[in-house]
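A.B. asks: Starting off with a structure, shown below.
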Amino acid sequence: MLNSLVGILSGGGAGAAASSYESIATVVGNASASTITFSSIPSTYVALQVRFISRRNTGGNASNNALNLTFNGGGTSIYTTHEIQANGSTVASRAPNTNGNEIILTNGTAGSNQTANVMSVGILDIQDYKSTTRNKTIRYVAGNESNGVDTGYFTLSSGLYAATTAITSITFTNTNPFTTSSVFSLYGIKG
Amino acid sequence: MPTTYEPIATTTLGSAASSITFSSIPATYTDLRIVFVGNCVSASRYLALTFNADLLTNYSMTYLAGDGTSAVSSRRTNDTVLYSNNYSGSSITIPQMITADVFSYAGATNKTTLFTTASDKNGSGTTDVAVGLWRSTSAITSIALTYVATANIAAGSIATLYGIKNA
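Here the protein sequences line up with chains E and C, keeping their order. Just so we're aligned: 26 in numbering that gives the first Met the number 0 is position 27 of the first sequence, and the numbers increase by one with no gaps anywhere. Just so we're aligned: 86 in numbering that gives the first Met the number 0 is position 87 of the second sequence, and the numbers increase by one with no gaps anywhere.
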């Protein structure tokens, strides 16, 4: 895809000693691509974790912009999301989608018109990603804070990928391109 | 070359102290993680972080807390320290577990931290999460942990700093 960034397993990143938490790949935004993908994910781990900082290069609300999360290139009507979110004054519980085409990662990216150098940050955990008999559940936490200039948010979500296929790729889709300061890092956890 | 997830330093207090400080933090990692288990010599205090000895009003946070009855959210702005939580606070006898994930600590953007606080007091207490901001584009080279309003960290408290390195 012309507007996507792809991180492919490098085989490196871990130190000389054996480790149960290994870095798999890192993708950095380039101000033109609105999609970040990790592909060819090996089946040698028990769980995956993505840690990221994110901002849109153009467009977007001041804060509380969402990313879309899909696995294995997509899927129709097999994603569901639930979230709890706090904005400094209220707490809300929502179901952003049910049987949809992506998991919605609310607050997953700062907007381009937000306070300069403010990023959204997040951690995405995927347990049992390689199972071929069970659906996949993800846990997601993210936050965006700007000293009250824009509304700060904390989001905790659970997501369902109702597919019994092993996850071999992960795609984050932004409405607008990721800045060059956006970094997404994939880690594998061994059992 | 550092491993992907490794402890950088650990401090266990043999006696109460006003702070725990991690200094000379190398810039070789991507993110930092602090895990604190301990308590304060006074009740209802909040564990806070200070980066690079910056005591100016460059910190803010937004939090979500649940106390067993309700869920609340509020915000602090223009603080001189970065609060990890701000609802129920510490116990004199029951330790809290507090984690802080500091993202891209050596990068050129402002520094955002995600906090979790487990502070159950057997009939009271809270579970808290928060997002915090240090408005500085400087790399973090030191982190100090203190309780606010000022009170010593209790003897036996443990703080560990981890480095996480991406590919």
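Ideal Cβ positions, reconstructed from N, Cα and C, are used throughout, including at glycine.
Tell me whether K203/C is buried or exposed, calling it buried when 16 or more other Cβ atoms sit within 10 Å of its Cβ.
C.D. replies: With chain C covering only 0 through 166, there is no way to say anything about residue 203/C.
A.B. asks: Expressed to the nearest angstrom, what Euclidean distance is found between the alpha-carbon atoms of G187/E and S180/E?
C.D. replies: Here residue 187/E is taken as the residue at index 188 of the first sequence, counted from 1. Here residue 180/E is taken as the residue at index 181 of the first sequence, counted from 1. Cα to Cα, the separation comes out at about 23 Å.
A.B. asks: Show which residues of chain E have a CB atom less than 7 Å away from the CB atom of M60/C.
C.D. replies: Your numbering for residue 60/C matches position 61 in the second sequence. Near M60/C (Cβ distances below 7 Å), the residues of chain E are E144.
A.B. asks: Quick one: what's got a C-beta closer than 8 Å to T163/E's C-beta in the same chain, skipping five residues either side?
C.D. replies: Within the first sequence, the letter at position 164 stands for residue 163/E. The answer, listed in chain order, is S130, T131, T132, R133 and N134.
A.B. asks: Using a C-beta to C-beta distance shorter than 8 Å, which residues of chain E count as neighbours of A129/C?
C.D. replies: Residue numbering aside, residue 129/C sits at position 130 when the second sequence is read from its first letter. Here the neighbours are G142 and F153.
A.B. asks: Nearest by alpha-carbon distance to N175/E: which of T114/E, S33/E and G28/E is it?
C.D. replies: The count along the first sequence starts at 1 and reaches residue 175/E at position 176. When each option's Cα is compared against that of N175/E, the closest is S33/E.
A.B. asks: Does the beta-carbon distance from Y146/C to N85/C come in below 7 Å?
C.D. replies: By one-based count along the second sequence, residue 146/C stands at place 147. By one-based count along the second sequence, residue 85/C stands at place 86. No, the pair does not count as a contact, with Cβ atoms beyond the cut-off.
A.B. asks: Rounded to the nearest angstrom, what separates S90/C and S118/C at their Cα positions?
C.D. replies: Residue numbering aside, residue 90/C sits at position 91 when the second sequence is read from its first letter. Residue numbering aside, residue 118/C sits at position 119 when the second sequence is read from its first letter. Distance between the alpha carbons of S90/C and S118/C is about 8 Å.
A.B. asks: Is the Cβ-Cβ distance between N106/E and T154/E less than 7 Å?
C.D. replies: Here residue 106/E is taken as the residue at index 107 of the first sequence, counted from 1. Here residue 154/E is taken as the residue at index 155 of the first sequence, counted from 1. Contact: yes.
A.B. asks: Quick one: is N84/C near chain E, going by C-beta distance under 7 Å?
C.D. replies: Residue 84/C sits at position 85 when you count from the first residue of the second sequence. Chain E contact via Cβ: absent.
A.B. asks: Measuring CA to CA, which of A15/C, V101/C, S103/C and S72/C is closest to A91/E?
C.D. replies: One-based indexing of the first sequence puts residue 91/E at position 92. Looking at the Cα atoms, S72/C is the closest of the given residues.
A.B. asks: Can you grab the Cα-Cα spacing for the pair T56/C / A161/E, in whole Å?
C.D. replies: Here residue 56/C corresponds to residue number 57 of the second sequence, with the count starting at 1. Here residue 161/E corresponds to residue number 162 of the first sequence, with the count starting at 1. When rounded, the distance between both Cα atoms is 47 Å.
A.B. asks: Grouping DSSP H, G and I as helix and E and B as strand, with all else coil, what is F171/E?
C.D. replies: Counting from 1 along the first sequence, the entry for residue 171/E is found at position 172. Here F171/E sits in strand by DSSP.
A.B. asks: When the Cα of T3/C is compared with those of T75/E, S3/E, D127/E and Y20/E, which residue comes out closest?
C.D. replies: To locate residue 3/C, count along the second sequence from 1; it is residue 4. Of T75/E, S3/E, D127/E and Y20/E, the residue nearest in Cα terms is Y20/E.
A.B. asks: In the DSSP output, what is A99/C paired with across the bridge?
C.D. replies: Locating residue 99/C in the second sequence gives position 100, counting from the first residue. Its beta-bridge partners are I33/C and F114/C.
A.B. asks: In terms of residue numbering, what span does the beta strand (DSSP E) encompassing R134/C cover?
C.D. replies: Position 135 of the second sequence, counted from the first residue, corresponds to residue 134/C. Taken as a continuous stretch (DSSP letters only), R134/C belongs to no beta strand (DSSP E), as it is neither H nor E.
A.B. asks: Is R55/E near G121/E, with beta carbons less than 7 Å apart?
C.D. replies: What you label residue 55/E is simply residue 56 of the first sequence in a count that begins at 1. What you label residue 121/E is simply residue 122 of the first sequence in a count that begins at 1. Against a cut-off of 7 Å, the Cβ pair of G121/E and R55/E comes out as no contact.
A.B. asks: Can you pull the chain C neighbours of V117/E, defined as C-beta to C-beta under 9 Å?
C.D. replies: The count along the first sequence starts at 1 and reaches residue 117/E at position 118. Going along chain C in sequence order, the residues near V117/E (Cβ under 9 Å) are T108, N109, T111, L132 and R134.
A.B. asks: Given P94/C, which residues of its chain have a CB within under 7 Å of its CB, disregarding the five upstream and five downstream residues?
C.D. replies: Here residue 94/C corresponds to residue number 95 of the second sequence, with the count starting at 1. If we look at P94/C and ignore the five residues flanking it on each side, its Cβ neighbours are V36, G37 and N38.
A.B. asks: If you reduce the DSSP assignment to three classes, tell me which class P176/E lands in.
C.D. replies: Residue mapping note: residue 176/E aligns to position 177 of the first sequence, counting from 1. Coil at P176/E, not helix or strand.
A.B. asks: For the beta strand (DSSP E) that contains A26/C, what are its first and last residues?
C.D. replies: Here residue 26/C refers to the residue found at position 27 of the second sequence. Segment: none, A26/C is in no beta strand (DSSP E) and carries neither H nor E.
A.B. asks: Hey, does E201/E have any beta-carbon neighbour from chain C nearer than 7 Å?
C.D. replies: There is simply no residue 201/E to check, as chain E begins at 0 and stops at 190 in what is shown.
A.B. asks: Rounded to whole angstroms, how far is the Cβ of L113/C from the Cβ of A8/C, which I believe are closer than 8 Å?
C.D. replies: Numbered from its first residue, the second sequence carries residue 113/C at position 114. Numbered from its first residue, the second sequence carries residue 8/C at position 9. Not really, about 21 Å apart at Cβ, beyond 8 Å.
A.B. asks: Closest to I24/C by C-alpha separation, out of V40/C, T61/C, I152/C and F50/C, would be which residue?
C.D. replies: Your numbering for residue 24/C matches position 25 in the second sequence. Per the Cα distances, F50/C.
A.B. asks: In or out: N77/C buried (at least 16 other Cβ within 10 Å) or exposed?
C.D. replies: Indexing the second sequence from 1 puts residue 77/C at position 78. Exposed.
A.B. asks: Let me see if you follow: with CB-CB separation under 7 Å, is L63/C close to chain E or not?
C.D. replies: Along the second sequence, one-based indexing puts residue 63/C at 64. Yes, L63/C lies at the interface with chain E (some Cβ there is under 7 Å from its Cβ).
A.B. asks: Excluding sequence positions up to five away, which residues of its chain have a Cβ less than 6 Å from the Cβ of E82/E?
C.D. replies: Stepping through the first sequence from its first residue, residue 82/E is reached at position 83. Excluding positions up to five away in sequence, the list reads R93, T105, T154 and S156.
A.B. asks: Answer yes or no: do F183/E and F70/E have a C-beta to C-beta separation smaller than 7 Å?
C.D. replies: For the purposes of this step, residue 183/E is taken as residue 184 along the first sequence, with counting starting at 1. For the purposes of this step, residue 70/E is taken as residue 71 along the first sequence, with counting starting at 1. No. Outside cutoff.
A.B. asks: Which bits of chain E does N77/C rub up against, with CB to CB less than 7 Å?
C.D. replies: One-based indexing of the second sequence puts residue 77/C at position 78. Result: N146.
A.B. asks: Check the Cβ-Cβ distances between E101/E and every residue of chain C, and say whether any is below 7 Å.
C.D. replies: As a first step, residue 101/E must be located in the first sequence, where it is residue number 102. No, E101/E lies away from the interface with chain C (no Cβ there is under 7 Å from its Cβ).
A.B. asks: The beta strand (DSSP E) with T34/E in it runs from where to where?
C.D. replies: Counted from its first residue, the first sequence places residue 34/E at position 35. Where T34/E is concerned, the enclosing beta strand (DSSP E) stretches over T34 to S38.
A.B. asks: Using CA atoms only, rank isn't needed, just tell me which of N112/E, A115/E and G158/E is closest to P95/E.
C.D. replies: For the purposes of this step, residue 95/E is identified with residue 96 of the first sequence, where counting begins at 1. Closest option to P95/E, Cα to Cα, is G158/E.
A.B. asks: Anything in the segment 35 to 68 of chain E with a Cβ closer than 7 Å to a Cβ of chain C? List those residues in chain order, please.
C.D. replies: The segment 35 to 68 of chain E vs chain C, Cβ under 7 Å: R50 and I52.
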